[in-house]
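K.L.:
I have a structure I would like to understand better, so I am pasting it below and will then ask my questions one at a time.
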Amino acid sequence: MASLAPPSPLVFLVTGTSQGIGLSLVRHILSLGHHVIATSRSPSIPLSLSALLPPDNTNKGASPTLHYLPLDLTWPDERLTSTITNALAFSPASSIDVLINNAAYCVLGSIEDIPPSKVLEQMNTNFHGPLRLTQLLLPHMRAREDGVIVNISSAQGIIASAGNGIYAASKFALEAVTEALAEEVEPFGIRVVLMELGAFRTAFGQAGADVVLDKETSPYAKNRHVVGERLDWIAELGGSAPGDPDKAAEVIVQVATGREAMRDVDGKRFKRFVLGGDSWEATSRKIESLRRTWDAQREWCKRTAFDSEGNINDMSSGGP
1 MASLAPPSPL
11 VFLVTGTSQG
21 IGLSLVRHIL
31 SLGHHVIATS
41 RSPSIPLSLS
51 ALLPPDNTNK
61 GASPTLHYLP
71 LDLTWPDERL
81 TSTITNALAF
91 SPASSIDVLI
101 NNAAYCVLGS
111 IEDIPPSKVL
121 EQMNTNFHGP
131 LRLTQLLLPH
141 MRAREDGVIV
151 NISSAQGIIA
161 SAGNGIYAAS
171 KFALEAVTEA
181 LAEEVEPFGI
191 RVVLMELGAF
201 RTAFGQAGAD
211 VVLDKETSPY
221 AKNRHVVGER
231 LDWIAELGGS
241 APGDPDKAAE
251 VIVQVATGRE
261 AMRDVDGKRF
271 KRFVLGGDSW
281 EATSRKIESL
291 RRTWDAQREW
301 CKRTAFDSEG
311 NINDMSSGGP
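Take the sequence shown: its position 272, counted from the start at 1, is 272 in UniProt numbering, and no numbers get skipped.
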């Protein structure tokens, strides 16, 4: 897709905008003169967003315009469809240039302790909801042969750590769909980008987390178990997280508008961005660990092929 840049204002649809990186995104997008359709689960516009409204919010012209829509990603399909229809109606050209799937929350706890209902809600919010919004907007973007989809993921989309398994599963799923989607829609002029964030100074992961861990009864909370210790660390992170949400928002918008055209060694635009030094360090360690594992297993892998006589190699002896 061509570089999305002023002078023509763009229309952004951003989910999860009442606080944190979502709110920072709205502020930065408006500061650049673009239009924003901001959403959150609140039935009425949150105070954090209403403070950003211009004196006359009915203008759909060239001035920066903020529109608010309630949106819960766990809503049934009919209601999500209606919300997207309303979002398109707000747009000056009845189109959305950039979708930023930012809304998410995390369920923390051991795999054993988290009930199925919470697993389903986590997947509906972090994976199925963004997927449905994307599916609903794709026909409009295809018709225009233009558009950008930004999926906000996490280092946990590459690294599943103890106490974070269900949240990581939702991000693993989002990353898989994002990778496949980027390849599928590139011929239609649509760009899809994945952002893998580290720890940023927001309520996400602390006050915004759903912690499932009974410190009195769960074996995962006793005897310095790794789950209990990790959840304590997350709770204590608080205002000391290294990431600045305002700076993250600037980078995300630069990437979305094509003004951050970083390219790989083959000259192709990056489809995946790691935001935060902590995220880079953690994901790099995971990649290096996988490479060592693959290298160590190379000879084992070869033994699964048919030999020249058509017989399957026998590994019953225990390996190479």
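Heads up, the beta-carbon is just placed ideally off N, CA and C, and yes, glycines get one too. On a predicted model such as this, the values are computed, not experimentally measured, just so you know.
Could you pull the start and end residues of the beta strand (DSSP E) that Ile190 belongs to?
P.N.:
The residue given as residue 190 occupies position 190 in the sequence shown. Per DSSP, Ile190 belongs to the beta strand (DSSP E) from 190-197.
K.L.:
DSSP three-state call for Leu275: helix, strand or coil?
P.N.:
In the sequence shown, counting from the first residue as 1, residue 275 sits at position 275. Note: Leu275 maps to strand in three-state DSSP.
K.L.:
Along the chain, where does the beta strand (DSSP E) that runs through His28 open and close?
P.N.:
One-based indexing of the sequence shown puts residue 28 at position 28. Counting along the chain, His28 falls outside any beta strand (DSSP E), though it belongs to the alpha helix (DSSP H) covering 20-31.
K.L.:
Within this structure, are the beta carbons of Val193 and Glu186 separated by less than 9 angstroms?
P.N.:
Stepping through the sequence shown from its first residue, residue 193 is reached at position 193. Stepping through the sequence shown from its first residue, residue 186 is reached at position 186. No; because the gap between Cβ atoms is not below 9 angstroms, this pair is not in contact.
K.L.:
Measure the C-alpha to C-alpha separation of Leu25 and His140 and round it to an integer number of angstroms.
P.N.:
Taking the first residue of the sequence shown as 1, we reach residue 25 at position 25. Taking the first residue of the sequence shown as 1, we reach residue 140 at position 140. Taking the straight line from one Cα to the other gives about 23 angstroms.
K.L.:
Can you list, in chain order, the residues of its chain with a C-beta nearer than 6 angstroms to that of Val11? Leave out the 5 residues immediately preceding and following it.
P.N.:
In the sequence shown, counting from the first residue as 1, residue 11 sits at position 11. Closer than 6 angstroms at Cβ, skipping near neighbours: His35, Ser91, Ile96, Asp97.
K.L.:
To the nearest angstrom, report how far apart Leu88 and Leu69 are at their CA atoms.
P.N.:
Taking the first residue of the sequence shown as position 1, residue 88 is located at position 88. Taking the first residue of the sequence shown as position 1, residue 69 is located at position 69. Taking the straight line joining both Cα atoms gives about 11 angstroms.
K.L.:
Going residue by residue through the segment 41-124, where are the continuous alpha helix (DSSP H) segments of at least 4 residues, counting only ones entirely within it?
P.N.:
47-50, 77-90, 116-123, all fully within the segment 41-124.
K.L.:
Are the segment 151-158 and the segment 101-112 touching, with three or more C-beta to C-beta distances below 8 angstroms?
P.N.:
Cβ pair count under 8 angstroms is three or more, so yes.
K.L.:
Which runs of the beta strand (DSSP E) fall wholly inside the segment 123-180 and span at least 3 residues, in chain order?
P.N.:
Counting only runs of 3 or more, we get 147-154.
K.L.:
Rounded to whole angstroms, what's the CA-CA distance from Thr217 to Gln156? Just pull it up for me.
P.N.:
As a working note, residue 217 is residue 217 in the sequence shown. As a working note, residue 156 is residue 156 in the sequence shown. Cα to Cα, the separation comes out at about 27 angstroms.
K.L.:
Give me whichever residues DSSP pairs with Ile37 in a beta bridge.
P.N.:
Sequence index remark: in the sequence shown, residue 37 carries index 37 (1-based). According to DSSP, which records beta bridges pairwise, Ile37 is partnered with Leu13, His67.
K.L.:
Since Ala173 and Phe127 should fall inside the 8 angstroms C-beta cutoff, what is the C-beta to C-beta distance between them, to a whole number of angstroms?
P.N.:
Position 173 of the sequence shown holds residue 173. Position 127 of the sequence shown holds residue 127. The pair is a contact, with the Cβ atoms about 4 angstroms apart (cut-off 8 angstroms).
K.L.:
For the ligand PLP, is there a heavy atom less than 8 angstroms away from the beta-carbon of Ser94?
P.N.:
Within the structure as shown, the ligand PLP is missing, as the structure has no ligands at all.
K.L.:
Got a sec, what are the start and stop residues for the beta strand (DSSP E) Asp210 sits in?
P.N.:
Taking the sequence shown and counting its residues from 1, one reaches residue 210 at position 210. Counting along the chain, the beta strand (DSSP E) containing Asp210 begins and ends at 209-212.
K.L.:
Are Val253 and Ile45 touching if we call contact CB-CB under 9 angstroms?
P.N.:
Your numbering for residue 253 matches position 253 in the sequence shown. Your numbering for residue 45 matches position 45 in the sequence shown. No; because the gap between Cβ atoms is not below 9 angstroms, this pair is not in contact.
K.L.:
Within a Cβ cutoff of 8 angstroms, which residues of the same chain sit near Lys286, ignoring the five residues on either side of it in sequence?
P.N.:
For the purposes of this step, residue 286 is taken as residue 286 along the sequence shown, with counting starting at 1. Ile158, Ile159.
K.L.:
Name the DSSP beta bridge partners of Gly228, please?
P.N.:
One-based indexing of the sequence shown puts residue 228 at position 228. Answer by DSSP bridge pairing: none, since Gly228 is not bridged.
K.L.:
Would you please state the rounded distance, in angstroms, between the beta carbons of Gly198 and Ser308? I believe it to be under 8 angstroms.
P.N.:
For the purposes of this step, residue 198 is taken as the residue at position 198 of the sequence shown. For the purposes of this step, residue 308 is taken as the residue at position 308 of the sequence shown. That pair is no contact at about 50 angstroms.
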